[in-house]
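**Student:**
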Amino acid sequence: MSTLGWLRSVMRLVEPRAVASSVRAATGPPAGVAGLDPITAPADPEVIAAAIIRARQSGADAESRLLWGRFAYRAAVRRWGLLHPVSVRAGSVYQRVLTEQALTFDAVRVCEQRLAADEESGDPRTALASRCRFAVALHRDGQCDLADEQIVGVLRRWHASPQGYGQAEMVLLAAAGVYAGCGRTGQAVQALTRDGAYLAQMDARCRRLAARWLASVVRTHPRWCTQPHNPGGQDRGGDSGNWLAVLDRCTATPRGAGQTAGVARRGGV
Ligand SMILES: [Zn+2]
């Protein structure tokens, strides 16, 4: 998944209306599921495809979206396994619907199942991306200690990997998001700037969306978060302009300057 695609998916988890969807706010079910019950519908490919569309229809009622999203995910996994592209798509849509409806604990379970399958597949690059998604889902559910554990593991694997498996942007932004949401603004800035050279390829569109996502994570993080907060961190971290300034500085970081103490001190949120 591209960085822009990943950012859009995580942005939808915090602000569902903030990212344009290809599925309009339609209310009527697509033909493939019309007249069917999501509890008893057959797990046929065309029904699964229509169920995914139904779950994405922002204008449909919440229960219908949830039930068809669950149907699509379970039926696809039963039919093709967790790592089939249709199952991955269904899992992503189902996770989004669950999160929109504040069923974030169930959204974590979807991510956990995907991570287990990705780990089993033996592809470290895919598994690293999956662990980032799992950490973000845990964080969204307010399981901040566990999210932090996952991010520590992600960063350790990434630093030990050749060329960071090419997942630098996702890894560093996920780490920054987890830290920032918990009010650890300085640590979030450091996560971005310490290895800022790896973010140099992010274009302006990605940087703007990343900045909006980081600010939105801070503003919408569960209030029951128990992590120790930096004084004033929440206020400063809720402004996307501050994050954009940090990311803009990262793009100006020359290759080879990452992981240096000098870079680590540039943060200004
Ligand atoms: Zn937290």
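Heads up: the sequence shown is residues 1 to 269, going by the working numbering.
Quick reminder that beta carbons are idealized off the backbone N, C-alpha and C, glycines included.
Note that this is a predicted model, so its numbers are computed, not measured.
What does the Cβ neighbour count give for GLN285, buried or exposed, with the cut at 16 atoms within 10 Å?
**Tutor:** Given that the chain is displayed from residue 1 to residue 269, the structure contains no residue 285 and the question cannot be resolved.
**Student:** Could I get the ranges of all uninterrupted alpha helix (DSSP H) runs contained in the stretch 129-184, with 4 residues as the minimum, in chain order?
**Tutor:** 144-160 and 168-181
**Student:** Which class does MET1 belong to by DSSP, given the choice of helix, strand or coil?
**Tutor:** Here MET1 sits in coil by DSSP.
**Student:** Measure how close the beta-carbons of LEU115 and SER92 come, nearest whole angstrom, since I'm counting them as under 8 Å.
**Tutor:** The C-beta distance from LEU115 to SER92 rounds to 13 Å, too long to meet the 8 Å contact threshold.
**Student:** Under the three-state reduction of DSSP, which class applies to LEU98: helix, strand or coil?
**Tutor:** helix
**Student:** Along the alpha helix (DSSP H) that carries CYS250, what are the first and last residues, could you check?
**Tutor:** 240-251
**Student:** So if I measure from each beta-carbon to every heavy atom of ligand 1 and keep distances below 6 Å, which residues remain?
**Tutor:** CYS144, GLY181, CYS182, HIS221, CYS225 and GLN227
**Student:** To which residues of the same chain is ALA49 closer than 7 Å at the C-beta, ignoring the five residues directly before and after it?
**Tutor:** GLY32
**Student:** Just to confirm my understanding: we take ARG133, look at its own chain, exclude 5 residues before and 5 after, and list those with CB closer than 6 Å. What are they?
**Tutor:** CYS111
**Student:** Assign HIS221 to one of two classes, buried (16 or more other C-beta atoms within 10 Å of its C-beta) or exposed (fewer than that).
**Tutor:** buried
**Student:** If you reduce the DSSP assignment to three classes, tell me which class ASP106 lands in.
**Tutor:** helix
**Student:** Quick test of the definition: if touching needs 3 or more C-beta pairs under 8 Å, does the stretch 98-105 touch the stretch 121-129?
**Tutor:** no
**Student:** Report the CB separation of ARG219 from GLY238 in whole angstroms; it is logged as a contact under 8 Å.
**Tutor:** 5 Å
**Student:** In whole angstroms, what separates the C-alpha of ARG207 from that of THR193?
**Tutor:** If I take the Cα positions, the gap works out to 14 Å.
**Student:** When burial is assigned at 16 or more other CB atoms within 10 Å of the CB, is ALA147 buried or exposed?
**Tutor:** buried
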